[in-house]
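Take a look at the structure set out below.
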Amino acid sequence: MQQGSPVDVSIALKLGLTEEEYERIVTLLGRQPNFVELSMFSVMWSEHCSYKNSIKYLRTLPRSGPALLVEAGAENAGLVDIGGNLACAFKIESHNHPSYIEPYHGAATGVGGIHRDIFSMGARPIAALDSLRFGDLDFPIMKRLVRGVVKGIGDYGNCLGVPTVAGETHFHPCYNYNILVNAMSVGIVEKDKIASATAGGPGNVVYIVGAATGKDGIHGATFASADLGEDSHEDLPSVQIGDPFMEKLLLEATLEAIGTGAVVGIQDMGAAGITCCASEMSAKAGTGMHLNLDAVPLRQQSMEAWEILLSESQERMMFVLDPKREEEVLRIFDKWNLLWAKIGYTDDSGLLKIDHRGQRVAEIPADALVVGGGAPVYDRPYQRPRYMDAIESFSESDIPDVGGAEEVEIVLEQLLSHPTIASKRWITEQYDFMVRTNTVHPPDQYDSALVRIKGTRRALAVTTDCNASFVFADPYRGAMMAVAEAARNITCSGGTPLAITNCLNFGNPYNPEVYYQFVHAVRGMGDACRAFQTPVTGGNVSFYNQSEIQGQTIPIYPTPTIGMIGIVEDLEYATSLAFRQPGDLIYLLGNPCRVIGCSVYLQHFRGVEYSPCPPFDIEEELKLQHTLRSLIRQRRIQSAHDIAEGGLLVALIESALPRQLGFEVVVPHDSRLDAALFGEAPTRVIISIDPSHRMSVESELSKAQVPYALLGCVTTGSISLNIGPLKDITHWAGIYHNALSHALGN
Amino acid sequence: MRFGVVTFPGSNCDDDVAYALERVLGFEVVRLWHDETELSGLGPEDCIVLPGGFSYGDYLRAGAIARFARIMGPIRNFVKAGGTLIGICNGFQILCEAGLLPGALLPNHHQRFICKPVYLRVSNPDTPFTRAAPLDRPLVIPIAHAEGRYYCPPDVLNTMRARGQILLQYCDEDSQCTPQANPNGSVEHIAGIANASFNVFGLMPHPERACEALLGSTDGIYLFQSLVTQRTYSTSQANQ
Chain G
1 MQQGSPVDVS IALKLGLTEE EYERIVTLLG RQPNFVELSM FSVMWSEHCS
51 YKNSIKYLRT LPRSGPALLV EAGAENAGLV DIGGNLACAF KIESHNHPSY
101 IEPYHGAATG VGGIHRDIFS MGARPIAALD SLRFGDLDFP IMKRLVRGVV
151 KGIGDYGNCL GVPTVAGETH FHPCYNYNIL VNAMSVGIVE KDKIASATAG
201 GPGNVVYIVG AATGKDGIHG ATFASADLGE DSHEDLPSVQ IGDPFMEKLL
251 LEATLEAIGT GAVVGIQDMG AAGITCCASE MSAKAGTGMH LNLDAVPLRQ
301 QSMEAWEILL SESQERMMFV LDPKREEEVL RIFDKWNLLW AKIGYTDDSG
351 LLKIDHRGQR VAEIPADALV VGGGAPVYDR PYQRPRYMDA IESFSESDIP
401 DVGGAEEVEI VLEQLLSHPT IASKRWITEQ YDFMVRTNTV HPPDQYDSAL
451 VRIKGTRRAL AVTTDCNASF VFADPYRGAM MAVAEAARNI TCSGGTPLAI
501 TNCLNFGNPY NPEVYYQFVH AVRGMGDACR AFQTPVTGGN VSFYNQSEIQ
551 GQTIPIYPTP TIGMIGIVED LEYATSLAFR QPGDLIYLLG NPCRVIGCSV
601 YLQHFRGVEY SPCPPFDIEE ELKLQHTLRS LIRQRRIQSA HDIAEGGLLV
651 ALIESALPRQ LGFEVVVPHD SRLDAALFGE APTRVIISID PSHRMSVESE
701 LSKAQVPYAL LGCVTTGSIS LNIGPLKDIT HWAGIYHNAL SHALGN
Chain H
747 MRFGVVTFPG SNCDDDVAYA LERVLGFEVV RLWHDETELS GLGPEDCIVL
797 PGGFSYGDYL RAGAIARFAR IMGPIRNFVK AGGTLIGICN GFQILCEAGL
847 LPGALLPNHH QRFICKPVYL RVSNPDTPFT RAAPLDRPLV IPIAHAEGRY
897 YCPPDVLNTM RARGQILLQY CDEDSQCTPQ ANPNGSVEHI AGIANASFNV
947 FGLMPHPERA CEALLGSTDG IYLFQSLVTQ RTYSTSQANQ
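Chains G and H supply the protein sequences, listed in that same order.
Its first residue numbered 1, the first sequence is counted upward by one per residue in the numbering used here.
Its first residue numbered 747, the second sequence is counted upward by one per residue in the numbering used here.
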């Protein structure tokens with residue numbers, strides 16, 4: 001019996017579907033949908049669930065490689081072989097819009113959601129990372145957003161017991177109206193305990209486990225796929241509420257249940273809730289699923305069928321169990337005091353059949369709803385953004401060079417106190433970065449955080465990276481450089497890059513200029529990943545990161561965040577960024593920087609926003625990283641640090657700070673001094689070595705044809721450049737360590 | 747001496763404590779579940795650890811619900827019989843809520859969760875929990891908590907001080923207890939205390955996170971090793 005009269009295209013438009021999509025639904029069903037069915041399509045075909053505007057390009061990314069155990073789909077995490085009987089599952093996901101509306105719960109549920117993606121595969125999360133983009137700290141609501149997001153991430157991860165070990169926090173006015181909160185989870189699983197998001201076959205039973213279903217987060221997926229506007233705060237009910245304690249119980253019970261071998265399939269109920277799990281698990285297995293919504297435990301009794309189907313209440317899992325072994329698994333749920341309910345079974349119909357209050361409220365072919373099935377695939381038109389003209393007309397000669405030591409000190413002070421560069425301790429101390437006792441200490445003194453794998457001599461190296469200014473100026477090259485920087489960070493800390501996950505944060509894909517950024521960035525990322533042999537194991541696309549404010553569209557800079565993992569084959573190779581002792585020699589690996597384009601110096605000190613992306617040569621990059629890894633394995637290196645935001649001088653200060661040392665260097669510059677000191681050209685690393693290794697290191701670098709320069713040596717705390725002495729390290733330490741806590745308060 | 751490590755719903759340092767004791771230090775470890783009514787044969791010569799975490803989510807008041815867990819009954823009897831009990835972080839909070847230690851742990855004075863290594867002065871080195879600790883320098887052990895501001899009324903504080911029950915105090919690298927070195931605003935810079943019989947020890951820092959060099963410190967080992975170190979122990983040695 002079919003409930004609910006058919007609805008027409010006007011309802012479809014209100015639910016965020018297009019006219020064309022409504023027609024597609026009618027064709028797929030062979031009839032007009034009812035309201036419940038249309039609601040299910042609207043969330044499953046939202047950008048967030050269907051990748052309809054991105055999938056064509058995502059499929060061009062390299063998805064296989066020597067270390068990849070399971071090839072990734074666009075929608076789930078791949079598995080990387082990390083030696084022994086272990087595999088690593090990892091993924092990054094955005095929670096941008098919810099975090100702007102309600103920073104605490106938005107960020108917290110972002111963390112909760114990405115961890116569920118990992119442990120629903122059978123992997124225990126061992127590390128979390130967060131890539132955050134905030135606006136100008138002086139923007140009216142920004143400090144509240146920072147405090148809320150940081151507290152939300154901390155409270156959730158701390159309670160769950162997963163260490164937050166790394167990440168990045170950038171501040172730029174382009175995020176004033178649309179911050180980015182990208183959370184990454186890294187988990188480890190024994191290869192024979194891997195679980196899959198499948199319904200298996202007909203005759204299995206379907207359970208919902210964990211939190212009761214409430215009205216929170218309904219249409220969250222649709223909300224994530226629309227622009228933020230001045231009335232977005234009215235969308236508050238679309239933001240979910242997190243319960244990390246429930247997640248902890250769910251985590252332990254899920255891993256224990258998977259360990260029995262009695263679980264056929266399992267999927268996290270994230271975006272689009274029951275609808276998403278039921279359709280994706282069924283479509284994957286080629287089965288149908290018959291669900292009775294009356295059996296779903298509810299937080300309130302007045303919920304309609306479409307609300308139950310679309311609810312994004314957190315901390316819920318869909319389990320598909322073998323009926324012969326269900327008791328075994330249910331005992332585990334009881335042990336962990338988890339609510340569970342049998343809500344249906346799988347059959348061979350290929351249909352989702354949904355009953356509520358004794359009536360059939362929806363009947364849709366599972367395949368019609370999902371990516372790779374009925375979901376639409378679009379190729380949007382794109383065109384070169386007009387702002388590129390401003391970038392191309394930039395003339396370096398209009399910008400004065402820095403003069404003597406005095407002006408260098410002024411610039412350095414501004415850079416070290418810029419929140420993007422300053423110490424992030426105010427943030428990271430609010431995260432439990434040590435729980436599970438695997439984090440090589442202290443994590444912020446390694447270019448990528450190192451997480452020991454218990455029972456082995458190995459560690460995972462993890463990092464997130466993206467310099468959005470580069471991507472804005474040149475989407476193709478900038479995205480390549482983001483991959484290269486992530487790899488460089490892993491290499492510097494002693495690891496070998498293995499694979500990446502990506503979080504593609506862009507504006508509205510219907511804007512051809514935004515789509516240009518997207519298409520070119522994905523192409524650059526793909527080319528870089530092929531060169532590094534680091535396949536893309538999955539990730540997340542977040543479009544619509546722009547706001548309509550007083551009739552003006554304000555898009556963010558394109559921010560394709562790279563989350564990368566690498567393997568440190570032996571903990572002996574772990575290499576800190578910190579200078580170790582006075583007298584050690586300091587080298588620059590890579591060419592001296594000759595450009596100031598896209599640098600924090602140019603933007604912040606000179607006030608120039610439009611400038612070209614620095615040049616990048618991936619062959620040089622590969623060579624440099626390969627040689628550096630070789631030197632590290634020969635134990636010739638005392639410290640290694642990537643040169644990134646702020647340039648060479650900031651990198652030197654960062655290496656000197658941990659042990660309160662200094663440096664006496666001559667910075668080679670054949671053109672501008674500001675470029676040499678503050679330019680942000682890639683493919684550069686600062687290393688320090690014991691003087692006794694000088695000959696062997698130099699000969700290895702020469703043999704490999706890696707450009708290098710001996711800059712000088714580590715001192716006990718004094719700092720001097722070729723242009724004269726600067727204030728010593730204690731002065732810069734104060735600025736670097738206090739900037740963020742001064743801005744954000746105690 | 748065997749160690750029992752209790753898991754409450756929401757405990758998240760149970761595995762870490764077990765790993766440090768068993769795999770790093772070589773002790774025999776028995777895992778205990780919150781809902782059990784017996785202690786798997788652990789006796790007065792053994793030690794039970796209540797680990798850190800967020801028992802029952804700590805949504806009410808840290809440790810306030812865990813004190814009612816079924817296993818707390820047998821644990822009380824175990825303590826009465828002279829067994830050794832250690833509460834770390836959330837475990838310390840549970841011990842205070844359960845009345846097995848005096849005082850309470852309030853939200854940090856700055857209202858934020860804080861995770862970092864801190865310096866600790868061993869204020870009474872003559873106890874079963876501290877007697878292996880070096881006397882010439884402070885210990886370095888990390889903290890990770892939002893509710894670690896120890897408080898007790900002045901008369902209780904005076905009694906504890908007189909009896910030497912204050913075992914660990916936050917200090918700077920020169921062992922000076924300054925307000926700047928106190929990460930949560932605790933009274934008398936208290937980081938860890940014992941009961942009057944010196945068989946129950948509660949501390950906010952996580953010694954299990956300081957048992958391997960790669961984690962930044964091995965000073966946590968001293969606290970566990972003290973339990974099996976033979977040295978004359980007298981409660982009259984109240985000092986500082």
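Glycine included, C-beta positions come from ideal geometry on N, C-alpha and C.
Three-state secondary structure (DSSP) at residue i?
i	result
residue 627/G	helix
residue 727/G	coil
residue 91/G	strand
residue 758/H	coil
residue 307/G	helix
residue 52/G	coil
residue 918/H	coil
residue 873/H	coil
State yes or no: is the C-beta of residue i within less than 9 Å of the C-beta of residue j?
i	j	result
residue 91/G	residue 646/G	no
residue 956/H	residue 884/H	no
residue 83/G	residue 458/G	yes
residue 663/G	residue 576/G	no
residue 291/G	residue 355/G	yes
residue 162/G	residue 108/G	no
residue 463/G	residue 600/G	no
residue 320/G	residue 199/G	yes
residue 532/G	residue 595/G	no
residue 104/G	residue 151/G	yes
residue 895/H	residue 429/G	no
residue 541/G	residue 54/G	yes
residue 952/H	residue 798/H	yes
Using 10 angstroms around the beta-carbon of residue i, count the other beta-carbons present and answer buried if the total reaches 16, otherwise exposed.
i	result
residue 267/G	buried
residue 814/H	exposed
residue 826/H	exposed
residue 172/G	buried
residue 700/H	Limits of chain H in this structure are 747 at one end and 986 at the other, which puts residue 700/H out of reach.
residue 778/G	Since the first residue of chain G shown is 1 and the last is 746, residue 778/G is not available in this structure.
residue 390/G	exposed
residue 705/G	exposed
residue 716/G	exposed
From residue i to residue j, what distance separates their C-alpha atoms?
i	j	result
residue 312/G	residue 214/G	8 Å
residue 488/G	residue 589/G	12 Å
residue 661/G	residue 692/G	20 Å
residue 164/G	residue 185/G	9 Å
residue 411/G	residue 605/G	7 Å
residue 724/G	residue 683/G	27 Å
residue 387/G	residue 732/G	36 Å
residue 777/H	residue 120/G	25 Å
residue 142/G	residue 176/G	7 Å
residue 737/G	residue 466/G	23 Å
residue 812/H	residue 795/H	14 Å
Cβ of residue i versus every heavy atom of the ligand ZN: is any distance shorter than 8 Å?
i	result
residue 803/H	Among the components modelled here there is no ligand, and therefore nothing to report on the ligand ZN.
For this session: Determine which residues of the stretch 849 to 870 of chain H have a Cβ less than 7 Å from any Cβ of chain G, and write them out in chain order.
Result: 856, 858, 859, 860, 861, 862
Problem set entry | the stretch 450 to 464 of chain G: positions lying closer than 8 Å to chain H by Cβ | 452, 454
Problem set entry | Contact list for the stretch 918 to 938 of chain H against chain G, Cβ threshold 9 Å | none
Problem set entry | Interface positions of the stretch 943 to 963 of chain H facing chain G (Cβ-Cβ less than 7 Å), listed along the chain | 954, 955, 960, 961, 962
Exercise. Just by C-beta distance, which residues in the stretch 410 to 432 of chain G are closer than 7 Å to chain H?
Worked result: 429, 430, 431, 432
For this session: With 8 Å as the limit, tell me which residues of the stretch 715 to 745 of chain G have their beta carbon closer than that to any beta carbon of chain H; keep them in chain order.
Result: none
Problem set entry | Against chain H: residues of the stretch 544 to 572 of chain G by CB proximity under 8 Å | 571
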